[in-house]
Structure formats: structure tokens, C-alpha cells
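S.K.: Counting from 1, position 56 in the sequence shown corresponds to residue 60 in the working numbering; the numbering is continuous, with no gaps.
All residues carry an ideal CB built from backbone N, CA and C; glycine is no exception.
Just so we're clear, the structure is a prediction, and the values are computed from it rather than from any experiment.
What follows is a structure written as C-alpha cells; I'll ask about it next.
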Amino acid sequence: MWSVVIPTYNRLPILQKCLRALEEQDTAMDYEVVVVDDGSTDETVPFLRSHGAEFPHVRLLGQDHGGAAAARNVGVGAAAGEVIVFIDSDLVVTPTFLASHARALTDPKRFFTYGRVINTCNFDDPLAEPFKVTDLSRAFFATGNVAIAKEHLLAVGLFDLDFRQYGWEDLELGVRLKSRGLRLIPCPEAVGYHWHPPFDLAQIPRLIEVERQRARMGVVFYRKHPTWEVRLMIQMTWLHWGLWGLLSLGGVLNERTMAPLLRWLIEQGRPQLALELARIFLNWYNVQSVHRAYREHRG
């Protein structure tokens, strides 16, 4: 038995695609899909309760809105499977997704597998998106597409609920898992397509706030694991300060000054390129915020 654990919050349209893809798995293995609703205010819960026949593998659990980490802990606690597969509710997988993880995970006592995540804004046909260099990930453990024995998660204490805002709770768990001697096996055949809306200028305030939250949670991460490796991960080095300060011209290139170029790219049908350019000032916000959060912590 394998258990796919999916936290969700107000994502019903893409969640439907996610769950339908999981029902179409080309495998004879026994599996369940544990959906943990994180206090959604849309029609997620009524829809799933009224469409049980369409999703026979799905078990629906719920909690008050407490974040993805808490929801994943609830899902792991209730899961019947010996192996846990974590994906997000905006990920649409291929029919061979679970079988690919199962073939690669030959020794769950010593290894876990990490699949390929391809970012796309194509809602109608997310699986049509090609793999891009920007889709590469060097994370040791990330919950976008990973299969791991449940016993390892329980042994290290699951996700740390000190991470109350966006970011780092999965990589922090990865640090604890690495201390058990676990090894990562890349599994590029287990493909998931991570859908997000096409970038537009209206998203920028939210994206800036996400970077500020990620910076604050990065400092929480560093306080728990004060190593150079973590400093690099959270961009809390003078190298990152110099890099993004230089690329943004010390903040001269920002959401206001770059708006005309970003708008033009979006109008030309290049929203992904516009988003990559916007990361110049988004990363500058992040680097400034992580240093500010660290100074505040030190008093």
C-alpha cells in the first residue's frame, strides 16, 4: 500500500485535474490518495463529498486553516500506506507516475525518490509543457514530488510547525532525514506538471509578500540548523547580497521601473519570460528581507 498525501486550500479547479490524473494511474499497486483540506472556503469539500464515485482512491480529511505543513502531518498520521508520496494540489501527473516511483524505490529503508516537476501555466493541457532549464531542482527533499517510507518521517518527527508562513519546512525536514543516512534517488520518469496562473502585473504585490515570508522562514530554518549550507540555501550571504544588488542596480530595477517591459512581454505572449525577469527584483526583496529578519532576531 502506498499513500499519496495532498494538502489543499481553495484550489478546486486544478485539484480536480490532479485527482483525475491520480485515478488514471497505469499500475496494479494498491494505493490511496489522502486529501487534507486546509480549511478551504471554496467548494472543495462539498465537491469531493458529492463525487466519491468519481474518485474511489480518495480519502478526504480536514482541518482548520493551519498551513500545508500541518496538513501534511495530518495526512501522514492517517495514511495507511508504508510509503508516502507527497505532491501538491496543483500538480498533474502522468499515468506512469506511481509505477515510476515504485520501480526506482527498490530499498525504502535506505533511499527515497524525487520525481521531475515541470512548471506550466497551460491549464487546458498542462502535460503539453516541455521540460525547461528553470525546472531543474537541486533540493535534497522537497514535497512537490517525492516518495519516502513513512517510518522515516515518523522517526524524525514530521514537519516542524514553527514554519507558519511560506517556505522551507520541507527542506528543513530534509536536513533531519539526511542525518539518518537516507540517500536520494532521482526519478525523472515520475513526472508532475506544476500549474500556476500565467504571470501578470497584478500578482506582483503577492509575490513580493511571498519573498518576505520566505525570508522570515529562512531565518527560522537557519536558527534550527546554523550551517553554511543553510545560509546558501536561504540566500543569507554577502555573495547573494552583491549578486542581486548588482543585477537590480541596488533596487533601481523594481516593480515600478520594470513594469513597462514586463507588460510588453506579457502582451507578446511571453508571461514566463516576464516572470523570470521579475525575479531580479523579487530576489532583491528576498535578500534584503532575510538580512533584516536575522538582525531583528539577534536584537
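If you compare alpha carbons, which of Ala83, Ile88, Arg180 and Cys22 is closest to Val160?
M.R.: Working through the sequence shown from its first residue, we reach residue 160 at position 156. Here the closest residue by C-alpha is Arg180.
S.K.: Are there three or more Cβ pairs, one per stretch, closer than 8 Å when the stretch 53–65 is compared with the stretch 134–142?
M.R.: Too few Cβ pairs lie closer than 8 Å, so no.
S.K.: Taking a contact to mean a Cβ-Cβ separation below 8 Å, would you say Gly254 touches Phe101 in this structure?
M.R.: The residue labelled residue 254 in the question sits at position 250 within the sequence shown. The residue labelled residue 101 in the question sits at position 97 within the sequence shown. Their beta carbons are not under 8 Å apart, which means Gly254 does not touch Phe101 by this criterion.
S.K.: If I measure Cβ to Cβ from Ala103 and keep anything under 8 Å in the same chain, skipping five residues before and after, which residues do I get?
M.R.: The residue given as residue 103 occupies position 99 in the sequence shown. So the qualifying residues of the chain are Gln29, Asp30, Thr31 and Met33.
S.K.: Under DSSP, the alpha helix (DSSP H) around Tyr289 begins and ends at which residues?
M.R.: The residue labelled residue 289 in the question sits at position 285 within the sequence shown. Its alpha helix (DSSP H) spans residues Pro275 to Arg302.
S.K.: Could you name the residues that DSSP lists as bridge partners for Ala153?
M.R.: Along the sequence shown, read from residue 1 onward, the residue named residue 153 stands at position 149. The partner list for Ala153 (beta bridge, DSSP) reads Val87.
S.K.: Run the CB neighbour count on Ser44, radius 10 Å, all protein chains shown included, and call it buried at 16 or more, exposed below.
M.R.: The residue labelled residue 44 in the question sits at position 40 within the sequence shown. Buried: at least 16 other Cβ atoms inside 10 Å.
S.K.: For Ala82, which option in Ile238, Ile10, Gly249 and Asn258 has the closest C-alpha, if you only look at C-alpha atoms?
M.R.: In the sequence shown, counting from the first residue as 1, residue 82 sits at position 78. The option with the nearest alpha carbon to Ala82 is Ile10.
S.K.: If you follow the alpha helix (DSSP H) that Pro11 is part of, which residue opens it and which one closes it?
M.R.: Translated into positions along the sequence shown, residue 11 becomes position 7. Here Pro11 belongs to no alpha helix (DSSP H); instead the beta strand (DSSP E) covers Trp6 to Thr12.
S.K.: Please report the straight-line C-alpha distance between Val78 and Leu165, rounded to a whole angstrom.
M.R.: Here the question's residue 78 lines up with position 74 in the sequence shown. Here the question's residue 165 lines up with position 161 in the sequence shown. When rounded, the distance between both Cα atoms is 12 Å.
S.K.: I want to know whether the stretch 180–195 touches the stretch 259–270 - three or more CB-CB distances under 8 Å.
M.R.: Taking 8 Å as the limit for Cβ pairs, the verdict is that the stretch 259–270 does not touch the stretch 180–195.
S.K.: Do you know offhand how far Leu236's Cα is from Ser54's?
M.R.: Numbered from 1 along the sequence shown, position 232 holds the residue referred to as residue 236. Numbered from 1 along the sequence shown, position 50 holds the residue referred to as residue 54. Answer to the nearest angstrom: the Cα atoms are 47 Å apart.
S.K.: Quick check: Asn123 and Asp139, are their CB atoms within less than 8 Å of each other?
M.R.: Residue mapping note: residue 123 aligns to position 119 of the sequence shown, counting from 1. Residue mapping note: residue 139 aligns to position 135 of the sequence shown, counting from 1. Cβ distance < 8 Å, so Asn123 and Asp139 count as in contact.
S.K.: For Ile238 and Gly222, which I take to be in contact (beta-carbon distance under 8 Å), what is that distance rounded to the nearest angstrom?
M.R.: Mapped onto the sequence shown, residue 238 falls at position 234. Mapped onto the sequence shown, residue 222 falls at position 218. Indeed, because the Cβ distance is near 3 Å, the residues count as touching under 8 Å.
S.K.: What is the C-beta distance between Gly148 and Ile91, in whole angstroms, given that I count them as a contact (C-beta under 8 Å)?
M.R.: Reading the sequence shown from its first residue, position 144 is the one you call residue 148. Reading the sequence shown from its first residue, position 87 is the one you call residue 91. Correct: roughly 7 Å between the Cβ atoms.
S.K.: Mind checking which residues open and close the alpha helix (DSSP H) that includes Asn77?
M.R.: Residue mapping note: residue 77 aligns to position 73 of the sequence shown, counting from 1. Counting along the chain, the alpha helix (DSSP H) containing Asn77 begins and ends at Ala72 to Ala82.
S.K.: Using only the alpha-carbon positions, how far apart do Val8 and Val38 sit?
M.R.: Taking the sequence shown and counting its residues from 1, one reaches residue 8 at position 4. Taking the sequence shown and counting its residues from 1, one reaches residue 38 at position 34. Cα to Cα, Val8 sits roughly 6 Å from Val38.
S.K.: Can you list, in chain order, the residues of its chain with a C-beta nearer than 8 Å to that of Asp94? Leave out the 5 residues immediately preceding and following it.
M.R.: Reading the sequence shown from its first residue, position 90 is the one you call residue 94. Cβ neighbours of Asp94 beyond the five flanking positions: Arg15, Ile18, Leu19, Cys22, His198, Trp199 and His200.
S.K.: In this structure, what does DSSP give as the bridge partners for Gly66?
M.R.: The count along the sequence shown starts at 1 and reaches residue 66 at position 62. Asp41.
S.K.: Given a cut-off of 8 Å, decide if Leu64 and Asp41 are closer than it, judged by their beta-carbon atoms.
M.R.: Position 37 of the sequence shown, counted from the start, is the residue given in the question as residue 41. Position 60 of the sequence shown, counted from the start, is the residue given in the question as residue 64. Yes, these two residues count as a Cβ contact at 8 Å.
S.K.: According to DSSP, simplified to helix, strand and coil, what is Pro130?
M.R.: Position 126 of the sequence shown, counted from the start, is the residue given in the question as residue 130. It is helical.
S.K.: With respect to the beta strand (DSSP E) encompassing Leu95, which residues constitute its N-terminal and C-terminal limits?
M.R.: Translated into the one-based positions of the sequence shown, residue 95 becomes position 91. Leu95 to Val97 is the extent of the beta strand (DSSP E) around Leu95.
S.K.: How far does the alpha helix (DSSP H) with Trp232 in it reach, from first residue to last?
M.R.: The residue given as residue 232 occupies position 228 in the sequence shown. Start and end: Trp232 to Met237.
S.K.: Only counting the same chain, and skipping five residues up and downstream in sequence, which positions put a Cβ closer than 8 Å to that of Glu280?
M.R.: Here residue 280 refers to the residue found at position 276 of the sequence shown. Result list for Glu280: Thr138, in chain order.
S.K.: Would you kindly work out how many angstroms separate the C-alpha atoms of Gln292 and Ser141, rounded to a whole number?
M.R.: Here residue 292 refers to the residue found at position 288 when the sequence shown is read from its first residue. Here residue 141 refers to the residue found at position 137 when the sequence shown is read from its first residue. C-alpha separation (whole angstroms): 24 Å.
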